[in-house]
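Colleague:
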Amino acid sequence: MKKIFLLLVSVFVFFSCTQTEEKPDSVIEIKVSKDGYSPDNITVKQGQVVLFRITALDDGISAGYGDNVGHCFYIMPPYDVMVKNIKKGETKEVKVKMVFPGDFLFTCPYCSGIFPTKGDLHVK
Ligand SMILES: [Cu+2]
3 MKKIFLLLVS VFVFFSCTQT EEKPDSVIEI KVSKDGYSPD NITVKQGQVV LFRITALDDG
63 ISAGYGDNVG HCFYIMPPYD VMVKNIKKGE TKEVKVKMVF PGDFLFTCPY CSGIFPTKGD
123 LHVK
């Protein structure tokens, strides 16, 4: 039982260490709208700290889901980085340490079922 707890704690620490306050090595500007993300194909170097700056050009599905407005920038696990509620004209930032190599999807959980708000992130 104790082992399982320790495993869960270490998994949590492991996952949450991708978001960082370290100085970024590079900055990537992304626009998101009903037409999707631009760029929607991004390659970064493993081990670098990347500052993602995401600007919403529209409000997406807008007032459909209560407090959920605008678009999101969600990098799927193991990164599991979520930037929520980026409203039209707004820019939000997140710094991510690119610890895991491979190909990952980023998406907007609010509207990716309706609009092509999906992109590929390659960590090499
Ligand atoms: Cu969206």
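Start counting the sequence shown at 3; every next residue gets the next number (our numbering).
Note that beta-carbon positions come from the ideal geometry of N, C-alpha and C, so glycine has one too.
#1: If contacts are defined as beta-carbon pairs under 8 Å, then D60 and K90 qualify, I think. What distance do you get, rounded to the angstrom?
#2: Per DSSP, E23 forms a beta bridge with which residues?
#3: Taking all protein chains shown into account, decide if V83 is buried (16 or more other Cβ within 10 angstroms of its Cβ) or exposed.
#4: Hey, how far is the Cα of S40 from the Cα of Q21?
#5: The beta strand (DSSP E) spanning S28 covers which residue range?
#6: Just the Cα atoms here: how many angstroms apart are G130 and E24?
Modeller: Answer, in terms of the structure:
#1: Residue 60 sits at position 58 when you count from the first residue of the sequence shown. Residue 90 sits at position 88 when you count from the first residue of the sequence shown. Contact holds; Cβ gap of about 5 Å.
#2: Counting from one through the sequence shown, the residue named residue 23 turns up at place 21. Bridge partners of E23: none, in fact.
#3: Taking the sequence shown and counting its residues from 1, one reaches residue 83 at position 81. Buried: at least 16 other Cβ atoms inside 10 Å.
#4: Here residue 40 refers to the residue found at position 38 of the sequence shown. Here residue 21 refers to the residue found at position 19 of the sequence shown. Rounded to the nearest angstrom, the two C-alpha atoms are 22 Å apart.
#5: Within the sequence shown, residue 28 is the residue found at index 26, counting from 1. S28 -> beta strand (DSSP E) spans S28 to S35.
#6: A query on residue 130 cannot be resolved here, the shown segment of the chain reaching from 3 to 126 and no further.
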